[in-house]
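Be aware that the sequence shown starts at 1, since it is given in the UniProt record's numbering, and climbs by one per residue.
From the three backbone atoms N, C-alpha and C, an ideal C-beta is built for every residue, glycine too.
Right, one structure below, let's go through it.
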Amino acid sequence: MEQNLQEALENFDAATGDIAALRRLMAFSRRFVQGLRVQQLPSHLDLQLLFNAMEHSPASLAVSYGQRCVGMDYDRAAFGASLADCRCLARGLALTETLVVLELSNNGLDDDKLRMLASGLADNISVTHLNLSHNRISDRGVRALAKLLDKNSVLSLLDLADNHLHADSGRALARTLGHSRALVSLNLRLNRLGDEGCAALCDALARAQVPAAARPAAAGSSAGGNSSSTSGSQQPQQQQQMAPLERLNISSNGAGAGLLPSLCSMLRSNRTLAELDVSSNAFSEHVAQELLSAVSSSALLGLDVRGCALGATAEAAISEEVLGRLAKTERKRLLGA
């Protein structure tokens, strides 16, 4: 049923197709369709129709606005989502309560289109996985998206790989890490965050782990018993502010040795991050020992430092350290310790 509906959507002709028949097919299929992967949508059909007709499905939707097998009839204008497509999809996202996974990879999305989608996501309470990779999103679009990642957001996986993100995007996303209660995976691979953008993320993850009692007292607070009671009252609040991020990918972002202080600080203090990918950034062999020392103090169970010019010996030592920790963790899990 999923393949049948997928083919109907992919081959629908807006000029000659029977929209009423397509609605009937959607309504009949709603009990059987859990996921849809539409690989072309030349009709640019209003996807609000899909959410209206199918009510409690689908749970997963991947859409590519384009055409397959065009041959010599290739037309660049026929590929990618238009602003009108994003407006229709935003209206549908505001209505659906069952869509969990939304993939809009490689659709030519820019800042204006993302801001339109964000207006629909603002009223959505179901989408937890959002894939916006391989688009043309830059800092302005990310700032609009970051506003959604507050304490009420349910978004747990965000993929922004291969876009046009710079340092401002890194800073905007870093600010959300102190507020989001759901985000556990963030993929920023193949962007242009540089030292500043990557460092902002690392600093945010490091700060989120500092207990409130260890922070400097506010101006005017008294010492002694009052100070202790204040620290005690702040501690539960600080525990709620700890960033839940477990996976972070900042590979191929043009970062260099300037990132190292923030990276090492984060590795030593953060206890929630389990997987980190910093591969294909421009470190050097001079910082290898400092990085290895920080990794030894970390809680990481996965770390990729390939292509960072650390040297084969340092890469092997870092990998051995992380793999040893992973083996111990798995052994404890199996033994029920």
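In the DSSP assignment, residue 196 falls within the alpha helix (DSSP H) that extends over 194-207. According to the DSSP secondary-structure assignment, residue 55 is paired through a beta bridge with no residue. Shown here for residue 265: same chain residues with a beta carbon closer than 6 Å to its own, the five before and five after excluded, namely 206 in chain order.
Taking every protein chain shown into account, the CB of residue 176 has 16 or more other CB atoms within 10 angstroms, so this residue is buried. The Cβ atoms of residue 201 and residue 250 lie closer than 8 Å to each other.
Taking the C-beta atoms as reference points, residue 33 is found nearer than 8 Å to residue 5. For residue 103, the uninterrupted beta strand (DSSP E) segment begins and ends at 101-103. Taking a cut-off of 8 Å on C-beta distances, the stretch 94-105 does not touch the stretch 68-75, as fewer than three cross pairs fall below it. Under the DSSP assignment, residue 158 falls in the beta strand (DSSP E) whose first and last residues are 157-159. At the C-beta level, residue 153 and residue 182 come within 8 Å of one another. Distances from the alpha-carbon of residue 294 to those of 267, 20, 112 and 129 put 267 closest. A Cβ-Cβ contact shorter than 8 Å links residue 287 with residue 260.
Straight-line measurement puts the Cα of residue 193 at about 47 Å from the Cα of residue 18. Setting aside the 5 residues that flank it on each side, residue 187 is surrounded in the same chain by 159, 161 and 249, each with a C-beta closer than 6 Å to its C-beta; the list follows chain order. Taking the Cα of residue 84 as reference, the smallest distance to any Cα among 22, 116 and 105 is reached at 116.
With respect to the 8 Å criterion, residue 133 and residue 169 are not classified as neighbours on the basis of their beta carbons.
The beta-bridge partner set that DSSP reports for residue 247 consists of 185 and 275.
Contact between residue 279 and residue 307 holds: CB atoms are separated by about 5 Å, below the 8 Å threshold. The straight-line gap separating the alpha-carbon atoms of residue 304 and residue 316 is approximately 11 Å. Judged by DSSP secondary structure, residue 63 falls within the beta strand (DSSP E) whose first and last residues are 60-63.
Check the Cα spacing between residue 40 and each of 56, 49, 64 and 51: the tightest is with 64.
Per DSSP, residue 127 is not a residue of any alpha helix (DSSP H), being assigned neither H nor E. Judged by DSSP in its simplified three-state form, residue 322 adopts helix. From the listed residues 142, 25, 75 and 172, the smallest Cα separation to residue 52 is found for 25. Residue pairing by DSSP places residue 35 opposite 60 in a beta bridge. The Cβ neighbour count for residue 11, taken over all protein chains shown within 10 Å, is under 16; the residue is labelled exposed. Residue 81 and residue 120 do not touch by the CB rule: their CB atoms are close to 13 Å apart, not below 8 Å. If you draw a straight line from the Cα of residue 111 to the Cα of residue 131, it comes to about 15 Å. The straight-line gap separating the alpha-carbon atoms of residue 35 and residue 2 is approximately 7 Å. Residue 165 is positioned such that its CB atom lies no closer than 8 Å to that of residue 124. In this structure, residue 274 sits away from residue 320, with a CB-CB distance that is not shorter than 8 Å. Rounded to whole angstroms, the separation of the alpha carbons of residue 43 and residue 311 is 52 Å. Residue 122 is positioned such that its CB atom lies no closer than 8 Å to that of residue 142.
Residue pairing by DSSP puts residue 282 in a beta bridge opposite 256.
DSSP places residue 334 within a helical segment (H, G or I) once states are collapsed to three. With respect to the 8 Å criterion, residue 262 and residue 203 are classified as neighbours on the basis of their beta carbons.
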